[in-house]
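Notes for the one structure printed next.
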Amino acid sequence: MSLAGASPQSSQTAAPAPTAPPLALVNANVVNVRDGRITGKATVVLRNGRIESIGTAPAPTGVATLDLKGKYLLPGLIDAHTHASDLAAFRRALESGVTTVRSAGVSNYVDVGFNELVKRGFAAGPNVITAGYHVRPQIAPEAFLNNPEYADLMTGVTTLDAMRRAVRMNLAHGVDWIKILATERAGTPDTDPRKQVYTEDEIRAIVTEAATRNVPVQAHAHGEEGAMAAAKAGVRSIEHGTYVSDATLELMKERGVYFDPTYTTVIDLTEAGGDYDIAALRIRGEHMLPRLRDAVVRAHRLGVKIVTGGDTAYGPNSLTRIGQEITHFVEMGFKPLEAIQSATLVNAEMLRLEKSIGVVETGFEADVIAVEKNPLETITTVEDPVLVISNGRVALNRLAFGKQP
Ligand SMILES: [Zn+2]
């Protein structure tokens with residue numbers, strides 16, 4: 015007797031992926047994050063994961079409605095630097111108003127896997143722009159469980175050839191970005207974040223290899239030399255940038271390199287609890303924080319494009335959220351609209367997704383959040399979204415608990 019052709023699956027039909035029913039948001043104040051104009055009493059129809067229409071006509075018949083009662087509708091926020099690695103973590107990101115994240119390195123390609131669940135409709139979001147394993151001299155050893163054919167890289171990624179292969183290892187998993195270490199880490203007590211890790215030529219080899227698949231590179235760089243090398247070598251974003259000089263910032267502006275300061279996580283270094291609770295890191299954080307603040311202020315003044323990134327894994331103890339990053343940008347001199355743009359349309363542009371996310375406009379993805387107050391007047395309102403919709407699916411609805419206008 016042959017078992018061929020009698021696989022147990024053949025007699026069963028998989029249930030179709032769930033689809034989001036159409037939904038009309040009524041009585042919304044829609045914030046245009048391009049210019050700060052607000053459209054009142056708006057009806058926003060979401061269908062098939064997209065924004066179908068925005069206008070003042072009543073909701074179409076037969077479509078469920080949610081009455082926003084004058085609350086302010088913004089595009090879903092973008093976290094350009096996450097290490098979220100399990101379902102609960104992605105959920106925490108989503109409930110904070112983040113509908114798109116960019117992975118900044120994670121084990122076992124869970125960024126790729128989770129994004130696939132979102133694309134198939136099994137999770138509302140956030141959509142994940144993937145990176146796979148962080149390319150650095152010592153790649154996380156778990157990488158070789160996923161890629162045993164690259165096990166020789168366990169001895170170190172220190173030659174140009176090894177760097178190109180480490181990039182190809184990630185590209186084979188379909189990642190959207192390559193993440194590299196241009197300087198040492200800040201969040202580990204025995205590394206100095208100012209120490210350069212890869213040279214300009216080495217980073218250029220990585221950038222060139224990634225470009226064979228049109229994949230951009232994000233460079234972790236606290237120290238000046240590593241950040242300058244990364245900017246010269248052609249990376250698309252500098253992560254952290256604590257000790258960057260004006261010369262590096264000017265080069266970043268000239269070359270269109272985005273700055274993702276992940277400021278809120280450095281605050282976490284300086285405080286008890288959160289992701290980091292180690293005395294040595296608290297001392298380091300107190301040294302870093304005013305310098306990073308100064309770097310952000312200088313970058314803003316020079317006109318470097320600045321984006322929001324959390325640099326948290328959204329674990330149960332995490333105190334870092336994108337809403338707080340936006341608020342801190344305003345404390346550092348951004349206009350509220352500029353800070354919101356850093357979390358929406360500027361971030362979408364960095365991700366090359368400016369035609370699909372980052373604004374509330376017809377045809378864009380149905381990624382929206384509602385906040386209680388006008389965020390252009392009261393920026394802290396973005397720290398507490400009362401409605402989160404991702405890919406047309408309602409992920410959080412606390413409208414009933416908000417103050418009524
Ligand atoms: Zn990070």
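The opening residue of the sequence shown carries number 15 in the numbering used here; numbering runs sequentially from there. Just so it is clear, CB atoms sit at the ideal spot from N, CA and C, and this is done for glycine as well.
Own chain partners of residue i with C-beta closer than 7 Å, once the 5 adjacent residues on each side are dropped
{"i": "Thr392", "result": "none"}
{"i": "Ala225", "result": "none"}
{"i": "Ser404", "result": "Gly90, Leu108, Thr113, Ala138, Gly139, Pro140, Asp381"}
{"i": "Pro72", "result": "Thr57"}
{"i": "Val280", "result": "Gly299, Met302, Leu303, Leu306"}
{"i": "Arg296", "result": "Leu283, Thr284"}
{"i": "Met168", "result": "Pro155, Phe158"}
{"i": "Lys55", "result": "Asn41, Thr70"}
{"i": "Val221", "result": "Val231, Ala247, Gly248, Val249"}
{"i": "Leu263", "result": "Arg312, Ala313, Leu316, Val318"}
{"i": "Tyr257", "result": "Arg208, His236, Gly237, Glu238, Arg305"}
{"i": "Ala244", "result": "Ala196, Ile217, Ala233, Ala235, Ile252"}
{"i": "Ile192", "result": "Ala145, Val149, Val181, Asn184, Ile220, Ala224, Val229, Val231"}
{"i": "Asn361", "result": "Ile92, Ala94, Val321, Thr322, Gly372"}
{"i": "Val166", "result": "The sequence as given places Asp at residue 166; Val does not occur at that position. Counting only Cβ-Cβ distances below 7 Å, and skipping sequence neighbours, we find nothing."}
{"i": "Pro419", "result": "Unreliable positioning characterises Pro419 in this predicted model, as indicated by a pLDDT of 47, which lies under 50. The coordinate reading is nonetheless provided below. Hits under 7 Å: Lys83, Gly84."}
Classification of residue i by the beta-carbon crowding that lies within 10 angstroms, buried from 16 upward
{"i": "Ile252", "result": "buried"}
{"i": "Leu82", "result": "buried"}
{"i": "Asn411", "result": "exposed"}
{"i": "His301", "result": "exposed"}
{"i": "Arg315", "result": "exposed"}
{"i": "Gly19", "result": "Note on Gly19: pLDDT 41, under 50, position unreliable in the model; the coordinate value appears next. Gly19 comes out exposed."}
{"i": "Pro399", "result": "buried"}
{"i": "Asp274", "result": "buried"}
{"i": "Gln338", "result": "buried"}
{"i": "Glu345", "result": "exposed"}
{"i": "Gly111", "result": "buried"}
{"i": "Asn129", "result": "buried"}
{"i": "Glu268", "result": "exposed"}
{"i": "Arg150", "result": "buried"}
{"i": "Ala353", "result": "buried"}
{"i": "Gly255", "result": "buried"}
{"i": "Gly119", "result": "buried"}
Proximity test, residue i beta-carbon vs ligand 1 heavy atom, cut-off 6 Å
{"i": "Ala94", "result": "no"}
{"i": "Ala118", "result": "yes"}
{"i": "Asp325", "result": "yes"}
Limits of the beta strand (DSSP E) - the one that residue i falls within
{"i": "Glu285", "result": "Neither: Glu285 is in no beta strand (DSSP E) and is coded neither H nor E."}
{"i": "Gly44", "result": "A quick correction: the sequence has Val, not Gly, at residue 44. That run of the beta strand (DSSP E) goes 37–45."}
{"i": "Pro350", "result": "Element bounds for Pro350: not the beta strand (DSSP E) but the alpha helix (DSSP H), 350–357."}
{"i": "Asn141", "result": "141–143"}
{"i": "Ile403", "result": "401–404"}
{"i": "Thr53", "result": "52–61"}
{"i": "Ile438", "result": "This structure gives no information on residue 438, because the portion of the chain shown stretches from 15 to 419."}
{"i": "Leu91", "result": "91–96"}
{"i": "Ala409", "result": "407–411"}
{"i": "Glu379", "result": "Run containing Glu379: none; DSSP gives neither H nor E here."}
{"i": "Ala78", "result": "78–81"}
Delimiting residues of the alpha helix (DSSP H) encompassing residue i
{"i": "Leu263", "result": "260–269"}
{"i": "His301", "result": "293–316"}
{"i": "His430", "result": "Since the first residue shown for the chain is 15 and the last is 419, residue 430 is missing from the structure and cannot be characterised."}
{"i": "Val126", "result": "124–133"}
{"i": "Arg178", "result": "174–185"}
{"i": "Glu339", "result": "336–345"}
{"i": "Thr222", "result": "214–225"}
{"i": "Asn160", "result": "157–160"}
{"i": "Glu253", "result": "Segment 251–254 is the beta strand (DSSP E) holding Glu253; no alpha helix (DSSP H) there."}
{"i": "Glu109", "result": "101–109"}
Contacts around residue i, its chain only, beta-carbon distance under 8 Å, and the 5 residues preceding and following it disregarded
{"i": "Gly288", "result": "Asp282, Asn331, Ser332, Leu333, Thr334"}
{"i": "Thr33", "result": "Asn62, Gly135"}
{"i": "Thr376", "result": "Ile65, Glu66, Ser67, Ile68"}
{"i": "Leu80", "result": "Leu37, Ala38, Leu39, Val40, Leu401, Val408, Asn411, Leu413"}
{"i": "Tyr164", "result": "Ala157, Phe158, Arg179, Ala180, Met183"}
{"i": "Val47", "result": "Leu88, Pro89, Leu351, Ile354, Gln355, Thr358, Leu359, Gly372, Val373, Val374"}
{"i": "Ser370", "result": "Ala362, Phe378, Glu379"}
Of the listed residues the options, nearest to residue i (C-alpha basis)
{"i": "Lys85", "options": "Leu185, Glu339, Leu39, Leu303", "result": "Leu39"}
{"i": "Val115", "options": "Arg105, Ala219, Asn122", "result": "Arg105"}
{"i": "Val271", "options": "Ile336, Lys209, Arg366", "result": "Arg366"}
{"i": "Gln152", "options": "Ser117, Val310, Tyr212", "result": "Tyr212"}
{"i": "Ala186", "options": "Glu198, Pro203, Tyr277, Tyr147", "result": "Tyr147"}
{"i": "Gly240", "options": "Glu223, Asn228, Ala261", "result": "Ala261"}
{"i": "Asp49", "options": "Leu359, Gly406, Val396", "result": "Leu359"}
{"i": "Leu390", "options": "Met266, Ile340, Arg227", "result": "Ile340"}
{"i": "Val45", "options": "Met266, Val385, Ala327", "result": "Val385"}
{"i": "Val12", "options": "Asn388, Val396, Glu379", "result": "The structure shown does not extend to residue 12, since the chain is modelled only from 15 to 419, so the question has no answer here."}
{"i": "Arg227", "options": "Leu265, Asp215, Ile194, Gly188", "result": "Gly188"}
Residues near residue i in its chain [Cβ-Cβ closer than 6 Å; skip 5 each side]
{"i": "Asp190", "result": "Ile143, Thr144"}
{"i": "Leu174", "result": "Ala219"}
{"i": "Asp325", "result": "His95, Thr276, Thr279"}
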